[in-house]
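>
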Amino acid sequence: MRLFAIADPHLSSAQPMPMNIFGPNWEGHPEAFFEGWSSLVGRDDLVLIPGDLSWARTLEGAMPDLESIAALPGRKVILRGNHDFWWPSISKLRAALPDGMWAIQNDAVAINGVVIAGTRGWTCPGSYSFSAEDEKIYQRELTRLDLSLAAASRLSGERFVVMLHYPPTNSQLEPSGFTERLLRAAPDAVIFGHLHSGEPVQLPDLGEIAVHFVAADALGFRPKRIETCALPLSR
């Protein structure tokens with residue numbers, strides 16, 4: 004089993020959104036996303052998708068996009084992004100998800116020896132125009148990460164990965180509540196997306212923790228291989 008990650012598919016079956024208005028690197032989307040995935044991922048692989056799956060406003064509207072992702076090779080673990088307005092209560096979402104797809108919210112999962120935790124995250128202190136409302140959401144996301152990391156600590160596996168949608172720090176790469184928690188938890192890897200400036204993204208230094216930026220457009224719409232997992236398939 005191999006582990007891949009790709010964030011920000013930004014699919015729009017129910018609510019068409021031509022993504023090339025956001026820049027030339029989105030030309031050919033979403034076909035490039037499906038082709039890139041199919042060219043790399045095998046049936047027994049695991050793909051992490053940290054947010055911004057669909058532009059839909061309701062779960063019913065998002066289902067065609069979720070089903071399209073579910074039909075791709077591999078197993079999938081998803082996380083909510085800031086544009087996933089369709090995301091309902093976690094119990095409703097899990098009841099609706101196609102087979103082979105898991106969602107994380109205030110908890111963690113273990114699949115074939117890989118433990119996955121995470122939360123959406125938010126703009127970090129020190130960012131431009133960081134507001135009192137941002138502070139409230141930031142603190143709430145820290146609590147959610149605490150819950151997820153605690154759940155992960157109760158699971159067993161050979162690999163431990165944390166997903167965020169937002170980067171875990173500000174553009175100056177200053178320490179944050181997210182980086183403090185990640186350093187304590189010491190996962191093998193941290194992945195995030197969200198950023199679409201087209202400019203190279205600087206990665207925070209988390210010591211021995213590997214950090215991966217996996218926004219789809221930055222990857223040329225091809226999932227990034229995170230590590231090789233020589234693990235038995237679950238039954």
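The opening position of the sequence shown corresponds to residue 4 in this note's numbering, with each subsequent residue numbered one higher. Even glycine gets a Cβ: it sits at the ideal position worked out from N, Cα and C.
Just to confirm the assignment, what range does the alpha helix (DSSP H) spanning W29 have?
From DSSP, W29 is part of no alpha helix (DSSP H); its letter is neither H nor E.
> Check R147 in the structure and name its three-state DSSP category.
helix
> Going by C-alpha distance, which of A98, P190, H86 is nearest R162?
P190
> Is DSSP giving S237 helix, strand or coil here?
Because the pLDDT at S237 is just 37, under 50, the model does not fix this residue reliably, and the point stays unresolved.
> Return yes when the C-beta of A8 is under 7 Å from any heavy atom of the ligand ATP, and no when it is not.
In terms of ligand content, the structure shown is empty, and the ligand ATP therefore cannot be addressed.
> Return the chain-ordered list of same chain residues with a C-beta closer than 6 Å to the C-beta of V217, the five sequence neighbours on each side being excluded.
A8, I9, A10, I194, G196, K227
> Is M20 helix, strand or coil when you go by DSSP?
coil
> Would P76 pass as a contact of G45 if the rule is Cβ separation under 8 Å?
yes
> Answer with buried or exposed for I24, where buried requires no fewer than 16 other C-beta atoms within 10 angstroms of its C-beta.
exposed
> Can you tell me which of the three DSSP states R94 falls into?
Here residue 94 turns out to be Ser, not Arg, going by the sequence shown. In this structure, S94 counts as helix in the three-state DSSP scheme.
> Looking at the unbroken beta strand (DSSP E) that takes in P53, where does it start and where does it end?
49–53
> Using beta-carbon positions only, say whether S151 and T122 come within less than 8 Å of one another.
Contact: yes.
> In terms of residues, what are the limits of the beta strand (DSSP E) holding R228?
It spans 227–231 - the beta strand (DSSP E) in which R228 sits, taken as one unbroken run.
> Measure the beta-carbon distance from M4 to D48 and round it to whole angstroms, keeping in mind my assumption that it falls under 8 Å.
6 Å
> Going along the chain, which residues of its own chain have a beta-carbon closer than 6 Å to the beta-carbon of L91, five neighbours each way excluded?
One detail in the question is off: residue 91 reads as Pro in this sequence, not Leu. Hits under 6 Å: L62.
> Is S57 closer than 8 Å to S15 when the C-beta atoms are compared?
yes
> Kindly indicate which residue of T172, P170, G116, G129 has the alpha-carbon position closest to the one of A155.
G116
> Just curious, the beta strand (DSSP E) that A83 is in, first and last residue?
Sequence inspection shows Arg at residue 83; the Ala mentioned does not correspond to that position. Where R83 is concerned, there is no enclosing beta strand (DSSP E), given that its DSSP letter is neither H nor E.
> Rounded to the nearest angstrom, how far is the Cβ of D220 from that of N28, given a contact under 8 Å?
5 Å
> Can you confirm whether the segment 81–95 touches the segment 128–147 when touching is taken to mean that 3 or more C-beta pairs between the two stretches lie within less than 8 Å?
Short answer: they don't touch.
> Pull up the distance between the alpha-carbon of E202 and that of W105, whole angstroms please.
C-alpha separation (whole angstroms): 31 Å.
> Among D102, N85, P171, G84, which residue has its Cα nearest to the Cα of C127?
P171
> Leaving out the 5 sequence neighbours to the left and right, which residues in its chain are closer than 7 Å to G129 when beta-carbon positions are compared?
N173, Q175, E177
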